[in-house]
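Student: Encoded as structure tokens, here's the structure I'll be asking about.
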């Protein structure tokens with residue numbers, strides 16, 4: 158077999174292997190200490206390959222960059238011990254408690270385990286939110302990491318798949334559906350809290366939502382508020398010059 162043909166065949170097999178690894182890891186709960194310890198040698202080697210390449214250049218420039226970025230996202234997102242995850246959660250909770258906020262704990266939190274998303278208890282209790290039992294596959298807009306979600310938000314006949322508000326924290330991407338016709342909904346309470354008048358509670362004039370101004374309009378659409386804001390910005394700009 159010619160050398161160039163052999164290289165192409167090898168590249169093809171490597172691509173198929175990376176694809177298989179990514180799919181397999183997406184189905185495992187790598188936050189589980191037992192699972193992670195069994196896979197430690199292989200995971201460490203893959204992380205080493207990524208780090209070696211990053212010394213020479215950007216991972217985006219590698220062959221099959223999308224697969225490598227996806228693999229990096231899986232490793233960075235899930236290969237942590239439960240202790241480390243709990244420590245991060247404690248630091249975050251401490252900051253919120255200092256601000257006087259109620260902090261969800263344990264099963265009350267939203268979670269992504271083994272590539273499967275579950276909203277927090279408060280979101281699950283929303284009458285417009287339900288678990289269909291049939292997961293759809295969402296992908297990260299940046300690295301292509303897959304996320305499965307069977308939770309939906311349904312309002313006035315429109316159905317949207319629920320996704321984490323934070324998106325894929327490792328690469329900063331957002332989760333989208335491969336079918337553009339299927340919409341997604343962020344799992345933020347303010348995005349899901351509908352009023353009796355059929356609007357978002359924060360934007361309902363009749364309910365006096367927090368996004369409604371003294372002129373009985375949405376702040377971001379009120380000509381009076383926009384004009385006042387524009388004048389303030391102009392005055393500040395003149396002073397600074």
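Numbering (the numbering used here), first residue to last: 158 to 398.
No residue lacks a Cβ here, since even glycine has one placed at the ideal position from N, Cα and C.
Start and end of the alpha helix (DSSP H) containing residue 160?
Tutor: For this step, residue 160 is matched to residue 3 along the chain shown. Here the alpha helix (DSSP H) through residue 160 covers 160 to 183.
Student: So the alpha helix (DSSP H) residue 348 belongs to, where does it begin and stop?
Tutor: On the chain shown, residue 348 is found 191 positions in, with the first residue counted as 1. That run of the alpha helix (DSSP H) goes 346 to 349.
Student: Helix, strand or coil: how does DSSP classify residue 207 here?
Tutor: Walking along the chain shown from the start, residue 207 turns up at place 50. Residue state, collapsed to three classes: helix.
Student: Just the C-alpha distance for residue 212 and residue 316, rounded to the nearest angstrom, thanks.
Tutor: Position 55 of the chain shown, counting from 1, holds the residue named residue 212. Position 159 of the chain shown, counting from 1, holds the residue named residue 316. About 45 Å.
Student: Looking only at its own chain, which residues have a Cβ that is under 6 Å from the Cβ of residue 340, when we skip the five neighbours before and after it?
Tutor: As a position in the chain shown, residue 340 is number 183, starting the count at 1. Within the same chain, residue 340 has close Cβ partners 317.
Student: Count the other CB atoms, across all protein chains shown, that sit within 10 Å of the CB of residue 338; report buried if there are 16 or more and exposed otherwise.
Tutor: For this step, residue 338 is matched to residue 181 along the chain shown. Per the 10 Å Cβ criterion, exposed.
Student: Could you compute how far the alpha carbon of residue 276 sits from the alpha carbon of residue 368?
Tutor: Your numbering for residue 276 matches position 119 in the chain shown. Your numbering for residue 368 matches position 211 in the chain shown. Near 25 Å, if we compare the C-alpha coordinates of residue 368 and residue 276.
Student: Output the distance between the C-alpha atoms of residue 207 and residue 228, rounded to the nearest integer angstrom.
Tutor: Along the chain shown, one-based indexing puts residue 207 at 50. Along the chain shown, one-based indexing puts residue 228 at 71. Going from the Cα of residue 207 to the Cα of residue 228 covers about 9 Å.
Student: Buried or exposed: where does residue 282 fall if 16 or more other Cβ atoms within 10 Å of its Cβ makes it buried?
Tutor: In the chain shown, residue 282 corresponds to position 125, counting from 1. So residue 282 counts as exposed.
Student: So what does DSSP say about residue 270, is it helix, strand or coil?
Tutor: Walking along the chain shown from the start, residue 270 turns up at place 113. The three-state secondary structure of residue 270, taken from DSSP, is strand.
Student: Let me check one thing: in DSSP terms, what residues is residue 310 bridge-paired to?
Tutor: Taking the first residue of the chain shown as position 1, residue 310 is located at position 153. The partner list for residue 310 (beta bridge, DSSP) reads 286, 317.
Student: Could you tell me the distance, in whole angstroms, from the CA atom of residue 319 to the CA atom of residue 214?
Tutor: For this step, residue 319 is matched to residue 162 along the chain shown. For this step, residue 214 is matched to residue 57 along the chain shown. If you take the alpha carbons of residue 319 and residue 214, they lie about 36 Å apart.
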